[in-house]
Structure formats: structure tokens, C-alpha cells
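A.B. asks: As you go down the protein sequences, you meet chains A and B in turn. Each residue of the first sequence is one higher than the one before, starting from 4 at the first, in my numbering. Each residue of the second sequence is one higher than the one before, starting from 337 at the first, in my numbering. All C-beta atoms in this analysis are idealised placements derived from N, C-alpha and C, irrespective of residue type, glycine included. These numbers were taken from a predicted model, which means no experiment stands behind them.
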Amino acid sequence: GAVVSQHPSWVICKSGTSVKIECRSLDFQATTMFWYRQFPKQSLMLMATSNEGSKATYEQGVEKDKFLINHASLTLSTLTVTSAHPEDSSFYICSANTPSGGLLYNEQFFGPGTRLTVL
Amino acid sequence: DQQVKQNSPSLRVQEGRISILNCDYTNSMFDYFLWYKKYPAEGPTFLISISSIKDKNEDGRFTVFLNKSAKHLSLHIVPSQPGDSAVYFCAASAQGAQKLVFGQGTRLTINP
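As C-alpha cells, then:
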């Protein structure tokens, strides 16, 4: 259980184009999803928290107009990188929260990631 | 401000021996800690967690120890196996907060 998928797994695009990445919870409903990016040999940096049916909460320094997040259903969140530039090239990972059966804390389960390369 | 720190970027251990990965944190509001394992070009997979009401949690070959006074936790893997070679991230969260704060990761290599 608690499987999260991402699509596509990798994408190469030209500078100035927009790229959409999908994150799906396959066997559970996720009221909250998270988007991270990871640069080579660095930690996962939280970009935004996505709540179903409401606006995403962005971390400090993350441009909300550049990284558009939509959480339209309990199983799908999308991240759109608008007007992508080479510096946006990174590994983007989503995760979804699943309540731990009445316990106080939620577990996050991660998708396999999407490698974005902007030429 | 790095609230969760893994000061060892890499660690090499002989197969069959114990692997000890360390993690320090600075935010005293953190009360739940997790370890994730990550292979290249894949998302992290959850390994084990511990809440601040405990000082030890064990799951098979994996044991996490928490020293709240030192704001330090460690992951013990014993015996280490070649398949354990990966990058290990520790993460922390504060009660009531959903988001996780990750350390920089430690690359563990198990030598056959």
C-alpha cells in the first residue's frame, strides 16, 4: 500500500516552455501532497505543500507564479514549471501524506521523482 | 539555516558489520524523526521512525536511537548487506506540522 507515482519520469524541454509533472496516490487518498526538488548531492528541499481543494502553500524563496501547483482531487497533484530555464533543471519529487491510523503523526510516501532538463 | 544535519557525506562499511549513520538537529520543536533510503533517480523510501517519547525503535536489522538532550539521532543497520548501499536521509517534523525537514544525506557503501 501507499504507492505514489509520478509522470513523466524524465523530461527534456527547451528554454521558455512549460512542463507539467503529475503526482498520483495510487491506493489511498491524499489530502496533502508535497513537492520537493533535489540538486545533485544535496538534500531534498521542500518547495510547496499542496492541499486538495485549496491553494498551495509555498516555501520562502519559491516563486508561486513559476511553479504552479494544482491539487484537483484526492489522488492527483500537478506541478507546472512555467517558462522553464536551464537553472530549473533538477530532480523533482512529490510525496503524499497518509494518516497513520489514528496516531498523531503522518507518514509521507514519495514518488519516484521526475528528472527535468531544460536546454 | 540547516535545522537537520548529517555531517558525514559518506560512509563505507564491510558487509556483515554494523553501519551507524548519525543525524543532529537544532530545532527543539521537532518531536518526530524519520529515516529514508534513496537510490539514484528514485524517490526516498521510508525506513523507520521514532517519536520523542521514545529513545529507541527497532525494526528488523534497523534500529533508531534518539538522544533528546543532545538533539542527536542515529540509525544502526546490523548486519549490513550490499543492498543497503544507498543514500540515507534523516528527517524531522514538529507536532502539528505536516512538512518534513531533511538532512543532507549520507551515502552508505557496503563492501562485499
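Which chain B residues are close to residue 35 (chain A), counting only those with a beta carbon under 7 angstroms from its beta carbon?
C.D. replies: 434
A.B. asks: Enumerate in chain order the residues of its own chain whose CB-to-CB distance from residue 16 (chain A) is below 8 angstroms, with the five nearest sequence positions on each side excluded.
C.D. replies: Excluding positions up to five away in sequence, the list reads 22, 87, 119, 120, 121, 122.
A.B. asks: For residue 3 (chain A), is the classification buried or exposed, using 16 other Cβ atoms within 10 angstroms of its Cβ as the cut-off for buried?
C.D. replies: With chain A running from 4 to 122 in the structure shown, residue 3 (chain A) is simply not present.
A.B. asks: From residue 448 (chain B) to residue 352 (chain B), what distance separates their C-alpha atoms?
C.D. replies: 9 angstroms
A.B. asks: Looking at chain A, which residues of the region 382-414 of chain B have a Cβ within less than 8 angstroms of any of its Cβ atoms?
C.D. replies: 382, 385, 387
A.B. asks: Mind listing the chain B neighbours of residue 110 (chain A)? Cutoff is C-beta to C-beta under 7 angstroms, in chain order.
C.D. replies: 382
A.B. asks: For a test of the three-state rule: what should DSSP assign to residue 337 (chain B), helix, strand or coil?
C.D. replies: Correct three-state label for residue 337 (chain B): coil.
A.B. asks: Fully enclosed by the region 6-64 of chain A, which alpha helix (DSSP H) runs are 4 residues long or longer?
C.D. replies: none
A.B. asks: With DSSP run on the structure shown, which of helix, strand or coil describes residue 360 (chain B)?
C.D. replies: strand
A.B. asks: For the region 352-361 of chain B against the region 79-98 of chain A, do three or more pairs of beta-carbon atoms, one drawn from each stretch, fall closer than 8 angstroms, so that the two count as touching?
C.D. replies: no
A.B. asks: Mapping the DSSP letters down to three states, classify residue 91 (chain A) as helix, strand or coil.
C.D. replies: helix
A.B. asks: Short check: CB of residue 373 (chain B) to CB of residue 423 (chain B), under 9 angstroms?
C.D. replies: yes
A.B. asks: Excluding sequence positions up to five away, which residues of its chain have a Cβ less than 8 angstroms from the Cβ of residue 29 (chain A)?
C.D. replies: 6, 7, 8, 78
A.B. asks: Grab the span of the beta strand (DSSP E) containing residue 399 (chain B) for me, first residue to last.
C.D. replies: 398-403
A.B. asks: Mark residue 386 (chain B) as exposed unless 16 or more other C-beta atoms lie within 10 angstroms of its C-beta, in which case mark it buried.
C.D. replies: buried
A.B. asks: Quick check on residue 63 (chain A): buried or exposed, where buried means 16 or more other Cβ atoms within 10 Å of its Cβ?
C.D. replies: So residue 63 (chain A) counts as exposed.
A.B. asks: Do you know offhand how far residue 99 (chain A)'s Cα is from residue 348 (chain B)'s?
C.D. replies: When rounded, the distance between both Cα atoms is 32 angstroms.
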